[in-house]
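Heads up: the sequence shown runs through residues 9 to 643, numbered per our numbering. Comments concern the structure below.
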Amino acid sequence: MLNVHELSLSFGGTYLFQNISFRIGAGDRVGLIGKNGAGKSTLLKVISKDISEDSGQIATEKDLKIGFLRQDIDFEIGRTVREEAYTAFEELLALEKDIEEINNQLATRTDYESQSYHDLMVSVSETSERFEMLGGYQYPGETEKILLGLGFQAADFDQPTDTFSGGWRMRIELAKLLLQHNDLLLLDEPTNHLDIESIIWLENFLKNYKGALMMVSHDKMFLNQVTNRTIEITAQRIYDFNKSYTDYLLLRQEIITQQLSAQKNQEKEIAQTERLIERFRAKASKASMAQSLIKKLDKIDRIEIDSEETETMKITFPVSVQPGKVVIETNALSKSYGDKNVLHEVSIQIVRGQKISFVGQNGQGKSTLAKIMVEEVDYQGECKLGHNVQIGYFAQNQAEYLDGEKTVLDTMIDAANETNRSRVRDILGSFLFRGEDVDKKVKVLSGGERNRLALSKLLLQPFNVLVMDEPTNHLDIQSKNVLKAALQNFEGTLILVSHDRDFLDGLSEKVYEFRNQKLKEYLGDINYYLEQRSLNSLREAEKKDPKEKAPKSSSGLNHEIQKKKRSIQNKISNTESKINALEKQLAEWDLALAVNYDETVSDSTFFDKYHSKKEELQVSMKRWENLQEELEQYS
Numbered sequence: 009m010l011n012v013h014e015l016s017l018s019f020g021g022t023y024l025f026q027n028i029s030f031r032i033g034a035g036d037r038v039g040l041i042g043k044n045g046a047g048k049s050t051l052l053k054v055i056s057k058d059i060s061e062d063s064g065q066i067a068t069e070k071d072l073k074i075g076f077l078r079q080d081i082d083f084e085i086g087r088t089v090r091e092e093a094y095t096a097f098e099e100l101l102a103l104e105k106d107i108e109e110i111n112n113q114l115a116t117r118t119d120y121e122s123q124s125y126h127d128l129m130v131s132v133s134e135t136s137e138r139f140e141m142l143g144g145y146q147y148p149g150e151t152e153k154i155l156l157g158l159g160f161q162a163a164d165f166d167q168p169t170d171t172f173s174g175g176w177r178m179r180i181e182l183a184k185l186l187l188q189h190n191d192l193l194l195l196d197e198p199t200n201h202l203d204i205e206s207i208i209w210l211e212n213f214l215k216n217y218k219g220a221l222m223m224v225s226h227d228k229m230f231l232n233q234v235t236n237r238t239i240e241i242t243a244q245r246i247y248d249f250n251k252s253y254t255d256y257l258l259l260r261q262e263i264i265t266q267q268l269s270a271q272k273n274q275e276k277e278i279a280q281t282e283r284l285i286e287r288f289r290a291k292a293s294k295a296s297m298a299q300s301l302i303k304k305l306d307k308i309d310r311i312e313i314d315s316e317e318t319e320t321m322k323i324t325f326p327v328s329v330q331p332g333k334v335v336i337e338t339n340a341l342s343k344s345y346g347d348k349n350v351l352h353e354v355s356i357q358i359v360r361g362q363k364i365s366f367v368g369q370n371g372q373g374k375s376t377l378a379k380i381m382v383e384e385v386d387y388q389g390e391c392k393l394g395h396n397v398q399i400g401y402f403a404q405n406q407a408e409y410l411d412g413e414k415t416v417l418d419t420m421i422d423a424a425n426e427t428n429r430s431r432v433r434d435i436l437g438s439f440l441f442r443g444e445d446v447d448k449k450v451k452v453l454s455g456g457e458r459n460r461l462a463l464s465k466l467l468l469q470p471f472n473v474l475v476m477d478e479p480t481n482h483l484d485i486q487s488k489n490v491l492k493a494a495l496q497n498f499e500g501t502l503i504l505v506s507h508d509r510d511f512l513d514g515l516s517e518k519v520y521e522f523r524n525q526k527l528k529e530y531l532g533d534i535n536y537y538l539e540q541r542s543l544n545s546l547r548e549a550e551k552k553d554p555k556e557k558a559p560k561s562s563s564g565l566n567h568e569i570q571k572k573k574r575s576i577q578n579k580i581s582n583t584e585s586k587i588n589a590l591e592k593q594l595a596e597w598d599l600a601l602a603v604n605y606d607e608t609v610s611d612s613t614f615f616d617k618y619h620s621k622k623e624e625l626q627v628s629m630k631r632w633e634n635l636q637e638e639l640e641q642y643s
């Protein structure tokens with residue numbers, strides 16, 4: 009399918025990767041991993057021909073279709089969500105336009121016996137046949153299913169794309185890629201802007217995807233669920249194994265352990281040989297033997313240990329002062345953006361030392377409540393901070409507030425005060441900004457490096473309550489592990505907004521789900537929440553006895569929910585089949601009208617049947633939308 013041979017690329021004289029080779033075949037689902045700045049996104053850009061390599065070759069099969077989810081996207085102003093998604097069907101849209109134009113000509117002409125009229129009828133027949141063969145009557149329904157799976161509501165379909173945030177626009181781009189049925193999908197951090205439900209939906213979609221896949225992701229659970237092969241870029245080379253992420257780490261460690269053992273034995277053998285050479289070299293009678301041993305030593309292929317990127321951040325979050333027992337309390341808190349109500353009469357109480365997760369679909373108010381707590385947005389109702397509460401806040405787009413023209417060091421010095429300015433270099437060092445790195449301008453930093461700089465700024469202020477909104481975006485897996493460990497050791501109060509299931513695992517003792525302007529409390533960790541919401545989690549095979557985590561009465565409730573969901577899903581399937589049959593029947597009648605109008609309308613009941621089918625199709629489409637909305641209530 010795709011063959012990469014001796015590929016090299018450098019920036020500023022420094023190689024990102026050098027002479028790397030690998031091939032991607034049908035069925036491969038490759039997780040591309042490595043630390044921030046290792047060259048993962050760059051490699052995807054080289055494969056997609058966005059940028060050129062320094063040397064090497066990339067060979068592909070003829071007519072290979074490659075789809076690439078980039079981090080920077082650009083939409084045409086004026087299109088709706090539905091219209092933008094439809095651009096995935098370039099050929100179908102062209103055929104649809106051709107059919108419409110031909111039908112318009114046929115409707116206005118009267119030279120039924122002419123050759124040109126006959127040619128038009130043949131053309132509309134052939135074009136309609138190809139349109140149907142390519143799924144022309146199914147693409148609207150397929151588009152809506154993908155958009156709903158990625159978290160859009162039916163009401164969003166006809167809204168302009170420029171009214172949506174960058175995260176939602178990224179979802180539209182992802183929907184287009186999933187609709188194109190490419191042979192090879194290149195995905196660069198596809199889960200960054202998705203909520204947990206959409207991530208799980210995407211997991212299931214990609215598991216059944218017929219093409220090959222290569223993706224950059226720092227989401228361990230997502231990698232384990234989707235991939236069957238791992239390629240790691242490290243120290244300018246790659247390591248490639250047919251294993252999912254976790255299995256790859258175990259295998260890689262086993263290989264390094266074996267290499268260390270073999271190297272130790274080899275070093276013993278070499279040392280013994282060198283002693284013999286020294287002993288024999290002094291005796292004339294043994295000189296030839298010494299020369300033989302020297303030649304043998306020269307021929308030894310020295311065992312090298314695979315390099316590992318072991319350098320990680322060193323983070324601790326000290327508590328400033330002891331706050332009162334209740335640190336944050338809201339009472340009948342509401343928030344609206346124009347006509348859109350986000351939160352309605354929310355009342356919660358957060359006490360000292362709690363670790364809490366905010367989860368739920370995008371746009372449900374998680375970030376809004378975090379901003380209310382740090383007094384960044386206005387609201388109705390009450391939000392009171394307790395005695396001695398000092399809040400540290402990491403915003404979802406924190407890195408975007410950094411001045412690109414400043415250096416790393418200047419960014420920190422400007423944020424420091426007299427008491428901690430002398431610690432700036434030490435703090436930067438703990439976040440892996442050392443030596444000449446501190447003189448780099450912010451605008452040249454990778455997304456992960458900017459996030460690390462934003463985290464380092466956080467340590468310049470005292471706090472005992474830490475509010476973090478998506479802190480793991482763009483962080484590599486090692487950095488996420490270090491951050492997680494630091495938050496586990498944090499003795500203050502933690503409020504965490506995140507969609508990263510592995511990061512949340514074991515990090516909070518209470519989960520608040522945001523849905524329909526309200527908050528629902530789950531007294532357990534993220535896995536308990538996932539079980540209660542009947543979602544798939546990576547640990548499904550390792551689940552504890554449900555009796556240990558949830559009340560016994562919940563098992564019967566879950567069974568009823570699953571039963572209800574299956575019933576709705578069956579109704580949706582039946583309705584989709586009916587819609588497909590109606591669309592096919594109407595398409596056949598449209599073709600009959602175009603090809604042989606007089607004979608078709610000779611049946612006096614034809615138009616009655618035609619309009620009846622049209623109305624039946626509209627009713628079925630409305631029923632499908634209602635069933636989808638009903639299903640969402642059980643998601």
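Ideal Cβ placement from N, Cα and C applies to all residues, glycine included.
Practice task
Check whether the stretch 380-390 touches the stretch 340-359, counting contact only when three or more Cβ pairs, one atom from each stretch, lie closer than 8 Å.
Solution key: yes
Problem - Close Cβ partners of residue 93 (< 8 Å) along its chain, the five nearest in sequence each way excluded - result: As a first step, residue 93 is located in the sequence shown; it is residue number 85 there, counting from the start. The answer, listed in chain order, is 151, 154, 155, 180, 183, 184, 187.
Exercise for the section: Taking all protein chains shown into account, decide if residue 33 is buried (16 or more other Cβ within 10 angstroms of its Cβ) or exposed. Expected result: Mapped onto the sequence shown, residue 33 falls at position 25. So residue 33 ends up on the exposed side.
Practice task
Find out if the Cβ-Cβ distance for the pair residue 402, residue 477 is shorter than 8 Å.
Solution key: What you label residue 402 is simply residue 394 of the sequence shown in a count that begins at 1. What you label residue 477 is simply residue 469 of the sequence shown in a count that begins at 1. In contact: residue 402 and residue 477 (Cβ atoms closer than 8 Å).
Exercise for the section: Would you kindly check if the distance between the Cβ of residue 302 and the Cβ of residue 278 is under 8 Å? Expected result: For the purposes of this step, residue 278 is taken as the residue at position 270 of the sequence shown. For the purposes of this step, residue 302 is taken as the residue at position 294 of the sequence shown. No, the pair does not count as a contact, with Cβ atoms beyond the cut-off.
Practice task
Find out if the Cβ-Cβ distance for the pair residue 169, residue 88 is shorter than 8 Å.
Solution key: Stepping through the sequence shown from its first residue, residue 169 is reached at position 161. Stepping through the sequence shown from its first residue, residue 88 is reached at position 80. Yes, the pair counts as a contact, with Cβ atoms nearer than the cut-off.
Practice task
With a 10 Å radius around its C-beta and 16 neighbouring C-beta atoms as the bar for buried, classify residue 376 as buried or exposed.
Solution key: Locating residue 376 in the sequence shown gives position 368, counting from the first residue. Per the 10 Å Cβ criterion, buried.
Practice task
Have a look at residue 415 and residue 101 and give me their C-alpha separation to the nearest angstrom.
Solution key: The residue given as residue 415 occupies position 407 in the sequence shown. The residue given as residue 101 occupies position 93 in the sequence shown. Their backbone Cα atoms lie some 49 Å apart in a straight line.
Problem - Cβ-Cβ distance between residue 644 and residue 39 below 8 Å - result: The shown model of the chain, from 9 to 643, leaves out residue 644, and the question about it has no answer.
Problem - Those runs of the alpha helix (DSSP H) which lie wholly inside the stretch 128-173 and span at least 4 residues - result: 147-157
Exercise for the section: Can you have a look at residue 470 and say buried or exposed, based on whether 16 or more other CB atoms are within 10 angstroms of its CB? Expected result: If you number the sequence shown from 1, residue 470 lands on position 462. So residue 470 ends up on the exposed side.
Handout entry: Under the three-state DSSP convention, the category residue 31 falls into
Key = For the purposes of this step, residue 31 is identified with residue 23 of the sequence shown, where counting begins at 1. The answer is strand: DSSP assigns residue 31 an E or B state.
Practice task
Quick one: using the 10 Å Cβ neighbour count with 16 as the cut-off for buried, is residue 208 buried or exposed?
Solution key: Against the sequence shown, residue 208 aligns to sequence position 200. With 16 or more other Cβ atoms within 10 Å, it is buried.
Practice task
Ignore the nearest five residues each way along the sequence and tell me which others in residue 339's own chain have a CB closer than 7 Å to its CB.
Solution key: In the sequence shown, counting from the first residue as 1, residue 339 sits at position 331. Around residue 339: 355, 389, 390.
Problem - residue 372 classed as buried or exposed, judged by whether at least 16 other C-beta atoms fall within 10 angstroms - result: Taking the first residue of the sequence shown as position 1, residue 372 is located at position 364. Buried: at least 16 other Cβ atoms inside 10 Å.
Exercise for the section: Quick one: using the 10 Å Cβ neighbour count with 16 as the cut-off for buried, is residue 530 buried or exposed? Expected result: Position 522 of the sequence shown, counting from 1, holds the residue named residue 530. Its Cβ being crowded by 16 or more others within 10 Å, residue 530 is buried.
Practice task
Just the C-alpha distance for residue 323 and residue 63, rounded to the nearest angstrom, thanks.
Solution key: Counting from 1 along the sequence shown, the entry for residue 323 is found at position 315. Counting from 1 along the sequence shown, the entry for residue 63 is found at position 55. Cα-Cα distance, rounded: 40 Å.
Handout entry: Rounded C-alpha distance that separates residue 563 from residue 541
Key = Translated into positions along the sequence shown, residue 563 becomes position 555. Translated into positions along the sequence shown, residue 541 becomes position 533. With a pLDDT of 43 at residue 563, under the threshold of 50, the modelled position of that residue is not reliable, and the figure given next carries that caveat. Their backbone Cα atoms lie some 12 Å apart in a straight line.
Practice task
Quick one: grab the DSSP three-state call for residue 118.
Solution key: Counting from 1 along the sequence shown, the entry for residue 118 is found at position 110. Residue state, collapsed to three classes: coil.
Exercise for the section: Run the CB neighbour count on residue 238, radius 10 Å, all protein chains shown included, and call it buried at 16 or more, exposed below. Expected result: In the sequence shown, the residue the question calls residue 238 occupies position 230. Under this definition residue 238 is a buried residue.
Problem - Reduced DSSP secondary structure (H/G/I, E/B, other) of residue 619 - result: Counted from its first residue, the sequence shown places residue 619 at position 611. Three-state result, residue 619: helix.
Exercise for the section: Look up residue 69 in the DSSP assignment and say whether it is helix, strand or coil. Expected result: If you number the sequence shown from 1, residue 69 lands on position 61. If DSSP states are grouped into helix, strand and coil, residue 69 belongs with coil.
Exercise for the section: Determine the closest residue to residue 234 out of 14, 254, 211, with distance taken between C-alpha atoms. Expected result: Translated into positions along the sequence shown, residue 234 becomes position 226. That would be 211, whose Cα lies nearest to the Cα of residue 234.
Exercise for the section: Run through the stretch 211-238 for me and flag every whole alpha helix (DSSP H) of 4 or more residues, listed as ranges in chain order. Expected result: 228-234
Handout entry: Cut-off 6 Å between Cβ atoms - residues of its own chain near residue 513, not counting five sequence neighbours on either side
Key = Here residue 513 corresponds to residue number 505 of the sequence shown, with the count starting at 1. For residue 513, where only same-chain residues beyond five positions count, the Cβ hits under 6 Å are 534.
Problem - Of the listed residues 622, 526, 619, nearest to residue 351 (C-alpha basis) - result: By 1-based counting over the sequence shown, the position of residue 351 is 343. Closest option to residue 351, Cα to Cα, is 526.
Handout entry: 3-residue-minimum beta strand (DSSP E) runs that sit fully inside the stretch 389-462, ordered along the chain
Key = 399-402
Problem - Contact the stretch 64-76 vs the stretch 104-119: 3+ CB pairs below 8 Å - result: no
Problem - Reference residue 189, options 256, 214, 586, 160, closest by Cα - result: To locate residue 189, count along the sequence shown from 1; it is residue 181. The residue with the shortest Cα to Cα distance from residue 189 is 214.
Exercise for the section: Over the uninterrupted beta strand (DSSP E) stretch that includes residue 538, give me the two end residues. Expected result: Numbered from 1 along the sequence shown, position 530 holds the residue referred to as residue 538. No beta strand (DSSP E) contains residue 538, which is instead part of the alpha helix (DSSP H) from 534-540.
Handout entry: Closest residue to residue 134 among 618, 374, 599, 611 (Cα-Cα distance)
Key = The residue labelled residue 134 in the question sits at position 126 within the sequence shown. For residue 134, the nearest C-alpha among the options comes from 599.
Handout entry: Touch test, the stretch 502-512 against the stretch 421-441, Cβ-Cβ under 8 Å, three pairs minimum
Key = no
Problem - Buried versus exposed call for residue 200 [16 or more other C-beta atoms within 10 Å across all chains shown] - result: Sequence index remark: in the sequence shown, residue 200 carries index 192 (1-based). Buried: at least 16 other Cβ atoms inside 10 Å.
Practice task
State the DSSP-derived secondary structure class of residue 324, mapped to helix, strand or coil.
Solution key: Residue 324 sits at position 316 when you count from the first residue of the sequence shown. The answer is coil: DSSP assigns residue 324 none of H, G, I, E or B.
Handout entry: Minimum C-alpha distance to residue 13 - residue among 55, 131, 20
Key = Counting from one through the sequence shown, the residue named residue 13 turns up at place 5. The option with the nearest alpha carbon to residue 13 is 55.
Practice task
Buried or exposed for residue 204, please, with buried defined as at least 16 other CB atoms from any protein chain shown within 10 angstroms of its CB.
Solution key: Along the sequence shown, read from residue 1 onward, the residue named residue 204 stands at position 196. So residue 204 ends up on the buried side.
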